[in-house]
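Residue numbers for the sequence shown, in the working numbering: 1 to 363. We put the beta carbon where it would ideally sit given N, CA and C, even for glycine. Remember, predicted model here, so these are calculated numbers, not experimental data. The structure appears below as structure tokens.
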Amino acid sequence: MRWFTCLAIFATLVPTQAQDRDEYEQAQAIAKRKRAGEELSSADAALMGKYVERGWISDMDPKRTTTGLVPLTEMSAADVYKGEDGGLYGQGRNDPDARHQMIIDNALTKIVPRDPDGESSHSGKVVMISVGMSNTSREFGPFIQAANADRRKSPELVIVNCAQGSRAALQWVEMEDVWQGLKTNLTRNQVTTNQVQVAWVKLTEMAPSKYGAFPKHAEFFKGNLIKIIQRLKATCPNLGIIYFSSRVYAGYAVGDRSLNPEPYAYEGAFAMRWLIQDQLKGDRDLNYDATKGPVKAPLLLWGPYLWCDGMKPRSDGLIWPPEYLDFDGVHPSDAGKAKITELLIDFFATNPNAKPWFTGNSR
């Protein structure tokens, strides 16, 4: 029953081969004219509205360049957003505290080249995968190309794109095909689930407004992330660290029918932070330490935090202009993919909590 429910949701969000492609392309062209400021006829508005309602296109507003929200990385311990303080790790901190760092250092020592059976081997591989939806998949492909061309990358590191289009968090929980797809992608790259030790997880929920205002939709998302994390650990027993990234700015995609508009894109980061905090508090569902009971999860950390308030620069200068997104205001354009690639390379090649396995050199 859950399978059919998920298929029904999916069918309302993504075009299929059975749809009239000419009509869909016409609706895309109408949306482009509207974004350019053209006044639409009632017939054109109705046709475009049909596809906006289904979530296949969205009414992108290039004038909504900021929302007024503050990046989590720039909120202090005293700053509060709907009851939540600032910092990726809470209390205004964007880096792990001393206790957390000791745990991370220990986890990093266990990421070593492994053979197909998962045993440590000088001729083995360290496999990094991506887990996520279409945005994640589209962003990770260029990252793989850039990483493979980067002299800093360890020759033992194999990077595999396991993110899949139209597969958001709920679909990773309910659809078995995503897990078969993950294994298939590993096989194509001549590696095994036993060699997977690192994952970049960038997920969200489709149409999150139906789950309620914050914190309800974020709590629903968190619950699905727990199930995904546990399944990842069961599937890839040597998975040692997950690096989270939340969504980029979504203020150009407006309307409740958009796949993941603001403030939901912004608020999704709190679900990831809650998981990291719960793990440190000893949540058994997220246990990473065999001395404390059954291991159900890898260590959870932040990867690069991608959200900024549109055209308002972050303290590091990051902005997210409309040109970084495709016509729908949701998926990355070539320029957006290039920017994500830059941020990913910079993080994994230089951050002390990722650099050791990415470069193959100790910090």
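For the putative contact between residue i and residue j, defined by C-beta atoms under 8 Å, what is the C-beta separation to the nearest angstrom?
| i | j | result |
| --- | --- | --- |
| Ile276 | Tyr89 | 7 Å |
| Asp249 | Trp307 | A quick correction: the sequence has Tyr, not Asp, at residue 249. Yes, they are in contact, since the Cβ atoms of Tyr249 and Trp307 sit about 6 Å apart, within 8 Å. |
| Gln195 | Arg114 | 5 Å |
| Asn220 | Ala31 | The residue you asked about is not Asn; residue 220 is Phe in the sequence shown. Actually they do not touch by this definition, with Cβ atoms about 29 Å apart. |
| Cys162 | Ser134 | With 8 Å as the limit, Cys162 and Ser134 do not qualify as a contact, their Cβ atoms being about 13 Å apart. |
| Thr67 | Gly251 | 5 Å |
| Glu156 | Lys125 | 6 Å |
| Ser154 | Gly329 | Incorrect: roughly 37 Å between the Cβ atoms, too far for contact. |
| Tyr243 | Leu301 | 5 Å |
With distances taken Cα to Cα, identify the nearest neighbour of residue i among the options.
| i | options | result |
| --- | --- | --- |
| Pro208 | Trp200, Val201, Ala218, Ala199 | Ala218 |
| Lys339 | Lys222, Pro322, Arg152 | Pro322 |
| Phe143 | Tyr211, Gln190, Ile159 | Ile159 |
| Gly310 | Ala213, Glu342, Pro71 | Pro71 |
| Ala146 | Leu69, Leu344, Thr359 | Leu344 |
| Pro215 | Gly92, Leu299, Tyr288, Ala265 | Ala265 |
| Lys50 | Met175, Leu300, Glu25 | Glu25 |
| Thr286 | Lys233, Ala27, Pro261 | The question names Thr, yet the displayed sequence has Leu at residue 286. If we check each option's Cα against that of Leu286, Lys233 comes out closest. |
| Arg64 | Pro263, Gly240, Glu156 | Pro263 |
| Asp85 | Asn189, Thr109, Trp274 | Trp274 |
| Val295 | Asp283, Leu301, Tyr305, Pro304 | Asp283 |
| Lys292 | Met102, Gln279, Arg93, Lys153 | Gln279 |
| Ala29 | Gly336, Ile111, Met48, Gly83 | Met48 |
| Asp334 | His122, Ala27, Arg99, Arg138 | Arg138 |
| Ile228 | Ala168, Asn94, Lys82, Pro304 | Ala168 |
| Met206 | Asn224, Thr109, Ser154 | Asn224 |
| Leu203 | Ala269, Leu186, Gly132 | Gly132 |
| Val112 | Val80, Ser166, Leu239, Met175 | Leu239 |
| Val332 | Tyr288, Ala253, Gly303, Trp302 | Contrary to the premise, residue 332 reads as Pro rather than Val in this sequence. Cα-wise, what sits closest to Pro332 is Ala253. |
| Tyr211 | His100, Cys236, Asn260 | Asn260 |
| Arg93 | Ile104, Ala78, Met102 | Ala78 |
| Ile241 | Met128, Lys82, Thr193, Arg99 | Met128 |
| Arg99 | Ala349, Ala290, Lys281 | Lys281 |
| Ala349 | Arg151, Gly141, Leu40, Gly83 | Arg151 |
Residue i: buried (16+ other C-beta within 10 angstroms of its C-beta) or exposed?
| i | result |
| --- | --- |
| Pro96 | buried |
| Arg257 | With a pLDDT of 46 at Arg257, under the threshold of 50, the modelled position of this residue cannot be trusted; read the value that follows with caution. Burial call: buried. |
| Asn106 | exposed |
| Glu267 | buried |
| Lys222 | buried |
| Ser362 | exposed |
| Asp316 | exposed |
| Asp117 | exposed |
| Ser120 | exposed |
| Gln164 | buried |
| Thr73 | buried |
| Gln190 | exposed |
| Arg188 | exposed |
| Asn148 | exposed |
| Ser246 | buried |
| Thr184 | exposed |
| Val80 | exposed |
| Thr109 | exposed |
| Pro298 | buried |
Taking the beta strand (DSSP E) that residue i falls in, what are its first and last residues?
| i | result |
| --- | --- |
| Ile129 | 126-132 |
| Gln101 | Careful: Gln101 lies outside any beta strand (DSSP E), inside the alpha helix (DSSP H) at 98-109. |
| Phe244 | 241-244 |
| Ala199 | 196-202 |
Report yes or no: is there a C-beta of chain D within less than 8 Å of the C-beta of residue i?
| i | result |
| --- | --- |
| Trp320 | The structure shown contains no chain D, having only a single protein chain. |
Since residue i is in the alpha helix (DSSP H), which residue starts that stretch and which ends it?
| i | result |
| --- | --- |
| Tyr266 | 264-280 |
| Asn224 | 216-235 |
| Phe348 | 334-350 |
| Trp302 | From DSSP, Trp302 is part of no alpha helix (DSSP H) but of the beta strand (DSSP E) over 299-302. |
| Lys355 | 355-359 |
Worksheet entry | alpha helix (DSSP H) segments (min. 4 residues) lying fully within the segment 122-187 | 134-149, 169-174
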